[in-house]
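Let me begin by presenting the structure, written as structure tokens, before commenting on it.
Residue numbers (my numbering), protein chains in the order written: chain L, 449 to 951; chain E, 449 to 951.
Okay, here's the thing in structure tokens:
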């Protein structure tokens, strides 16, 4: 017992050290993206590389493996607290994954993806897939090597999915995405054919940045964002980063000719932030002190952005405030505003897609990634595959690869298996909302009266506090009593869009 | 030769790694002081502590000592580049200093000074020296232990001086501070007795922050501050930090009722920044890539703030611009403004002191520190000693210890030996100015015409580019052809104040 206590102390101390690196690197990245002077970026990148390397050494050191083995002895493990048990399980998983990759191979891969990201940027600007293809091809080859080293459970692609959504499988995604796609494709077509298309011109006028910023800050406050434990900045690509629960930072981007970008972007990132700000203090200093998966994280940003932020109830309460900020631009009814901000139409670019068709963009990427790793589809085949799927599911085709297969940065960085998280987030959000509506019968009254704090508290109780202490499937089952079911999302979208488009 | 090449590679790699930690920690501190959310600060401090500990391990590791020993072999050393030679010398010095302190002792000391800083803050607010005395006493005891471990050359206090001003000794400071004090005390008294006291009331009016900020940015640009390699922020205590030559950050503080605070503060910090921005690229990634000493660094901030920024020539050029920013407040002549911003009078608080009496504040601290370490003066004796010296040199006495011996944070953090740097900076600046005036005969014409860039370039050539590649005494000798001579400062002050106060 003395020995294992010592192993526990050393283990906990190492985890805290790793977490300190994560927090510091988080700040270095935040700084790079918000205001670091351009001239210092190369040297800063070196520093980031050096610190990351140090963290990797600490996270893959032989002694960590020994402490883990000691703590995994069944009688020792049984005596651990719930937090320490989960910390051992999580760390073992990460440890095994990391030590299986030879450092030299990993370093080659890091160099490759860093080159590939630059090449991708150029290729996208020139719509020149051919110049990017050899890089993508190599990244796929490396990723396949990693899959072999990590070991395959289920299908090869499952090994990748598990990194972003622990426990997620191709079989499960085939079920939920398949079910969703079948219903969304005809719904999207019906919407496109509806004669009742909302008027949106008034959204594209001049909206003064200062007023946008003021309104963003107001909405953050309404949502319960804690400004003593967070801040709002600007960046070209909005993001949220939880350095620790007392320091959660979000960014937004104000477009002078579009009021919706910063508005819904801010609400979205605040959803991420509320998650990170409300993780239990008990998890501070451990690697469990963050969201449990990309999908669950995205469920929170999308719950706040779409379920709340794009609802009629929300704007019944807040449209008057928004009008006061933009009296000349927003001389329309709340219904007009609601419909305009919920337009749905097939489009080519994922990040500009609406709440409904967005899922089809994701399903296309999912199907292609699955084919790459489970069926051996080659990089060279992707443009044709991409265009055919857009034609089939969205009824439109890119005119060039820049607005097609080259549009996303993910693959150039090797992030295969990441895309499904976005739609998983939508599905989790819809399923959780169903429970929320039942457990809190006055939910929509709260929204309509601008009383959002009880909603944040309900989510803290059910989701936020746990950080990584519960897995995504444990969470969704404990909250809703059921495993993931895509019908919640479909029914939510069907109801909303049937009303808006008078289907 | 192959072996030593390998040692060189490993050595250079380790130095780059240490520099990456320094840069990252620099950013973490900058963030804490400029805008980090309050709630996350405790966890952030843990992260800083953890990373500092990791850096210390790397900087004191046995293998570093072995590489150094190998590189110090005379035939190997002779074959090294100038940069690598200096890097070996500098690192050896730091290494020996660090490994001589037992880690446990150092850790105790870190805890002590961290407690002492909180206690000091409270003691200062309450003017309660008794509550701080036991902490100060312990810090002196620890510092004496460190001096014993480091080893004494010359006097015990020399060991401390060397940390901030390499090569500086008590004998040298006795000479220069003694000479200066003897002449400044009567000059200061003559000024106090002059009937020609400048009118200063107009400086203390309402000055809108936005206009102050605009003017600060304008002056930074005039001085050649590179905004693509730096930024200006706000903080309670203004500072400059050079993370790397491409990322140098300064802060200022805008007081609504005092136009001079931000104005001269910004020019001062920009002086530090110009130094850091213009270090040779060849030194990037090494620990030589920073100012060579506190004193030389301070010479640059004070050169720009005082020699340039508080000169009649500077305001002949820029007062019109300042008036345009504050037309209602500054309806005075440029002479009135020049005299008002150069008031000299004995005061109790160092950080509010003028260019002349400031040196007496420093000399008092120097004499007291010297007595503590070379004559065994006890913490309990300091308040009386302090008050007596203020009476003798400045003719005034604090009414309580809050505005006396407790006013500065330095001792609570154990920074004995640091204070002399400030006046060394003034002396270096005056001596360098003398050379500058001779080598650049149109110097004052350049200032009067707002053509400051050639001055920045001259200083880059003489000082900035070298970073730590030259020691303070090497620099001052190579630039001015003489060792440090306090008469330059005295003659500069005498001339300036004789004119202003019509002595």
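For each residue, glycine too, the CB sits at the ideal point set by N, CA and C.
A quick note: this is a predicted structure, and the numbers were derived from the prediction, not measured.
Could you name the residues of the segment 674–686 of chain L whose beta carbon sits closer than 8 Å to any beta carbon of chain E, in the order they occur along the chain? Result list: 674, 675, 676, 677, 678 and 679.
Short of 6 Å in beta carbon distance, which residues of its chain neighbour residue 726 of chain L, apart from the five on each side in sequence? Order them along the chain. As a first step, residue 726 of chain L is located in the first chain; it is residue number 278 there, counting from the start. Here the set comprises 908 and 912.
Residues, ordered as in the chain, of the segment 723–749 of chain E that lie near chain L by beta-carbon distance below 8 Å: 732 and 733
Ordered along the chain, which non-local residues of its own chain (more than five positions away) have a Cβ less than 8 Å from that of residue 463 of chain E? Taking the first residue of the second chain as 1, we reach residue 463 of chain E at position 15. Cβ within range, chain order: 535, 539, 733, 734 and 735.
Does any residue of chain E have a CB that is nearer than 8 Å to the CB of residue 462 of chain L? Translated into the one-based positions of the first chain, residue 462 of chain L becomes position 14. Cβ-Cβ to chain E under 8 Å: no for residue 462 of chain L.
What separation, rounded to the nearest whole angstrom, lies between the Cα atoms of residue 514 of chain E and residue 490 of chain E? Stepping through the second chain from its first residue, residue 514 of chain E is reached at position 66. Stepping through the second chain from its first residue, residue 490 of chain E is reached at position 42. Roughly 37 Å between the two C-alpha positions.
Near-chain L residues of the segment 484–503 of chain E (beta-carbon distance less than 9 Å), N- to C-terminal order: 484, 485, 486, 487, 488, 489, 490, 491, 492, 494, 495, 496, 497, 498, 499, 501 and 502
Can the beta-carbon of residue 519 of chain E be found less than 8 Å from the beta-carbon of residue 459 of chain E? Within the second chain, numbered from 1, the residue matching residue 519 of chain E stands at position 71. Within the second chain, numbered from 1, the residue matching residue 459 of chain E stands at position 11. In contact: residue 519 of chain E and residue 459 of chain E (Cβ atoms closer than 8 Å).
Looking at chain L, which residues of the segment 465–485 of chain E have a Cβ within less than 7 Å of any of its Cβ atoms? Result list: 465, 468, 471, 472, 475, 476, 479, 483, 484 and 485.
Given that residue 457 of chain E touches chain L, what residues does it touch there, using C-beta distances under 9 Å? Taking the first residue of the second chain as position 1, residue 457 of chain E is located at position 9. Residues of chain L passing the Cβ test: none, with the nearest at roughly 15 Å.
In angstroms, rounded to a whole number, what distance separates the CA positions of residue 941 of chain L and residue 841 of chain L? Along the first chain, read from residue 1 onward, the residue named residue 941 of chain L stands at position 493. Along the first chain, read from residue 1 onward, the residue named residue 841 of chain L stands at position 393. In a straight line, the C-alpha of residue 941 of chain L is about 17 Å away from that of residue 841 of chain L.
Residue 691 of chain L lies in the beta strand (DSSP E); which residues open and close that run? If you number the first chain from 1, residue 691 of chain L lands on position 243. It spans 688–692 - the beta strand (DSSP E) in which residue 691 of chain L sits, taken as one unbroken run.
Within its chain, find whatever has a CB closer than 7 Å to the CB of residue 878 of chain E; leave out the 5 residues flanking it on each side and keep chain order. Numbered from its first residue, the second chain carries residue 878 of chain E at position 430. Result list for residue 878 of chain E: 936, 937 and 940, in chain order.
Does residue 672 of chain E have its Cβ less than 8 Å from a Cβ in chain L? As a first step, residue 672 of chain E is located in the second chain; it is residue number 224 there, counting from the start. Not an interface residue.
Interface partners of residue 691 of chain L on chain E, CB under 7 Å: The residue given as residue 691 of chain L occupies position 243 in the first chain. Simply 488.
At a Cβ threshold of 8 Å, is residue 694 of chain E touching chain L? As a working mapping, residue 694 of chain E is identified with position 246 in the second chain. It does: the Cβ of residue 694 of chain E has a partner Cβ on chain L nearer than 8 Å.
Helix, strand or coil: how does DSSP classify residue 932 of chain E here? Counted from its first residue, the second chain places residue 932 of chain E at position 484. Looking at residue 932 of chain E - three-state DSSP - the assignment turns out to be coil, as it is neither helix nor strand.
Taking the alpha-carbon of residue 580 of chain L as reference, which of L:922, L:870, L:859 and L:914 has the nearest alpha-carbon? Translated into positions along the first chain, residue 580 of chain L becomes position 132. Ranking the options by Cα distance to residue 580 of chain L, first place goes to L:859.
I'd like the span of the alpha helix (DSSP H) that includes residue 898 of chain E, first residue to last. Numbered from its first residue, the second chain carries residue 898 of chain E at position 450. From DSSP, residue 898 of chain E is part of no alpha helix (DSSP H); its letter is neither H nor E.
For residue 549 of chain E, which three-state DSSP category applies? On the second chain, residue 549 of chain E is found 101 positions in, with the first residue counted as 1. Assigned with DSSP and collapsed to three states, residue 549 of chain E falls in coil, not helix or strand.
On the criterion of 16 or more Cβ atoms from any shown chain inside 10 Å, does residue 863 of chain L qualify as buried, or is it exposed? As a working mapping, residue 863 of chain L is identified with position 415 in the first chain. Buried.
Would the beta-carbon of residue 677 of chain L fall within 8 Å of that of residue 900 of chain L? For the purposes of this step, residue 677 of chain L is taken as residue 229 along the first chain, with counting starting at 1. For the purposes of this step, residue 900 of chain L is taken as residue 452 along the first chain, with counting starting at 1. Not in contact: residue 677 of chain L and residue 900 of chain L (Cβ atoms no closer than 8 Å).
In this structure, how does DSSP classify residue 797 of chain L when only helix, strand and coil are distinguished? On the first chain, residue 797 of chain L is found 349 positions in, with the first residue counted as 1. DSSP places residue 797 of chain L in coil when its eight states are reduced to three.
Assign residue 454 of chain L to one of two classes, buried (16 or more other C-beta atoms within 10 Å of its C-beta) or exposed (fewer than that). Position 6 of the first chain, counted from the first residue, corresponds to residue 454 of chain L. The residue is exposed, with fewer than 16 neighbouring Cβ atoms inside 10 Å.
When burial is assigned at 16 or more other CB atoms within 10 Å of the CB, is residue 441 of chain E buried or exposed? The displayed coordinates of chain E run from 449 to 951. Any statement about residue 441 of chain E would go beyond what the structure contains.
Take every Cβ of the segment 592–605 of chain E, pair it with every Cβ of the segment 875–889 of chain E, and state whether three or more of those distances are shorter than 8 Å. no
Alpha-carbon spacing of residue 789 of chain L relative to residue 546 of chain L, whole angstroms: Taking the first residue of the first chain as position 1, residue 789 of chain L is located at position 341. Taking the first residue of the first chain as position 1, residue 546 of chain L is located at position 98. The alpha-carbon atoms of residue 789 of chain L and residue 546 of chain L are separated by roughly 44 Å.
Here's a check: name, in chain order, each residue in its chain whose Cβ is nearer than 8 Å to the Cβ of residue 531 of chain E, leaving out the five neighbours to either side. Position 83 of the second chain, counted from the start, is the residue given in the question as residue 531 of chain E. Cβ within range, chain order: 730, 731, 734, 736 and 917.
According to DSSP, which residues form a beta bridge with residue 700 of chain E? Translated into positions along the second chain, residue 700 of chain E becomes position 252. DSSP output for residue 700 of chain E lists E:682 as bridge partner(s).
With 16 other Cβ atoms within 10 Å as the buried cut-off, status of residue 492 of chain L: Within the first chain, the letter at position 44 stands for residue 492 of chain L. Buried is the call here.
Taking the DSSP output, what are the residues bridged to residue 457 of chain L? What you label residue 457 of chain L is simply residue 9 of the first chain in a count that begins at 1. Per DSSP, none; premise fails for residue 457 of chain L.
Local conformation of residue 695 of chain E per DSSP, three classes: By 1-based counting over the second chain, the position of residue 695 of chain E is 247. Assigned with DSSP and collapsed to three states, residue 695 of chain E falls in strand.
Closer than 7 Å: residue 821 of chain L CB and nearest the ligand MG heavy atom: With respect to small molecules bound, the structure shown includes none, and the ligand MG cannot be examined in it.
Using a Cβ-Cβ cutoff of less than 7 Å, which residues in the same chain neighbour residue 807 of chain E once the five nearest sequence positions on both sides are dropped? Residue 807 of chain E sits at position 359 when you count from the first residue of the second chain. Once the five neighbours on either side are set aside, the close Cβ partners of residue 807 of chain E are 628, 632, 871 and 874.
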